[in-house]
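Numbering (my numbering), first residue to last: 74 to 353.
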């Protein structure tokens with residue numbers, strides 16, 4: 074009783090509106106008289122976990138302030154004999170609550186560390202995926218360039234093939250024309266060695282066959298080959314077939330002229346014994 078009266082005369086805690094306790098996670102908390110605990114250092118990151126921890130700590134602060142009020146009330150009542158026992162019980166309860174809060178803070182810290190490691194891993198995966206996408210885009214660009222180059226080469230080959238077909242047709246007509254001229258000269262020079270048929274009453278006018286005109290027409294067609302190919306819808310085969318049909322008509326005209334020459338000269342091809350070489 075005398076000890077309680079002595080404490081009542083010199084109360085160590087009446088004049089304090091705030092008190093400071095040591096938090097189990099090694100940072101101090103300011104406990105206000107209203108029961109609000111204000112942390113001096115933020116140990117957790119994350120709005121949700123921080124709000125939960127702050128609410129828990131505020132509740133603990135309110136309970137501690139209530140315990141302070143009970144202790145002060147007990148000290149002011151000298152007739153209360155179980156004050157020491159109640160203080161020990163309250164102290165044990167406070168220590169238990171602080172231990173639970175320490176465990177919660179540790180578990181939250183572990184969860185935060187795991188979340189941070191997962192975020193770092195996800196960032197690494199995103200960087201890897203981005204690099205793969207960039208590599209695929211580069212390969213796609215190279216494929217497009219190679220495809221364009223192949224298309225241009227194919228078009229050049231098609232135009233070259235069509236030009237060669239035209240040249241072959243022109244050379245064929247030229248060969249037929251030169252052969253016709255040489256054969257006609259040989260027939261005129263060999264009339265003394267052949268048997269003549271009955272004379273022809275009237276001379277027949279025959280169309281003239283000029284190789285120069287045919288060759289010039291063929292060259293002009295080859296010169297405008299790209300334009301004709303574009304006009305035909307980029308169909309090289311169609312243009313080549315048209316050119317062959319044009320040359321076919323000219324070949325038929327040349328053969329008709331050759332037959333007319335046979336009839337006009339009245340020669341029998343089977344009676345020719347010696348045909349002079351036109352190169353001599």
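Heads up, the beta-carbon is just placed ideally off N, CA and C, and yes, glycines get one too.
Keep in mind it's a predicted model, so treat the numbers as computed, not measured.
Among the options, nearest to residue i - alpha-carbon criterion
i	options	result
residue 168	134, 193 and 196	134
residue 388	191, 184 and 139	Nothing can be reported for residue 388, as the shown portion of the chain is limited to 74 through 353.
residue 323	247, 158 and 338	247
residue 327	311, 303 and 251	251
residue 128	159, 311, 164 and 177	177
residue 331	249, 228 and 203	249
residue 170	130, 220, 160 and 304	130
residue 303	245, 231 and 160	231
Own chain, CB closer than 7 Å to residue i, minus 5 neighbours either side, in chain order
i	result
residue 242	291, 316, 317 and 320
residue 313	235 and 238
residue 194	none
residue 336	none
residue 203	none
residue 188	none
residue 274	Confidence at residue 274 is low in this model, with a pLDDT of 42, below 50, so the placement of that residue should be treated as unreliable; the coordinate-derived value is given next. Nothing listed; no residue qualifies.
Exposed unless 16 or more other CB atoms sit within 10 angstroms - verdict on residue i
i	result
residue 309	buried
residue 206	exposed
residue 325	exposed
residue 213	exposed
residue 268	In this prediction, residue 268 has a pLDDT of 42, which is less than 50 and means its spatial position is unreliable; nothing more can be read from the coordinates.
residue 183	exposed
residue 82	Caution applies to residue 82, whose pLDDT of 46 falls short of 50 and renders its modelled position unreliable; the model cannot decide the point.
Cutoff 8 Å: residue i Cβ touching any chain B Cβ
i	result
residue 179	You won't find chain B in this structure, because it holds only one protein chain.
Spatial neighbours of residue i in its chain, beta-carbon cut-off 6 Å, leaving aside the 5 residues before and after
i	result
residue 163	140
residue 221	none
residue 301	312
heavy atom of the ligand PLP below 7 Å from residue i C-beta
i	result
residue 158	The ligand content of the structure shown is nil, which means the ligand PLP is not present either.
* **Length-filtered (4 minimum) alpha helix (DSSP H) runs lying within the stretch 212-260** => Within the stretch 212-260, no complete alpha helix (DSSP H) run reaches 4 residues.
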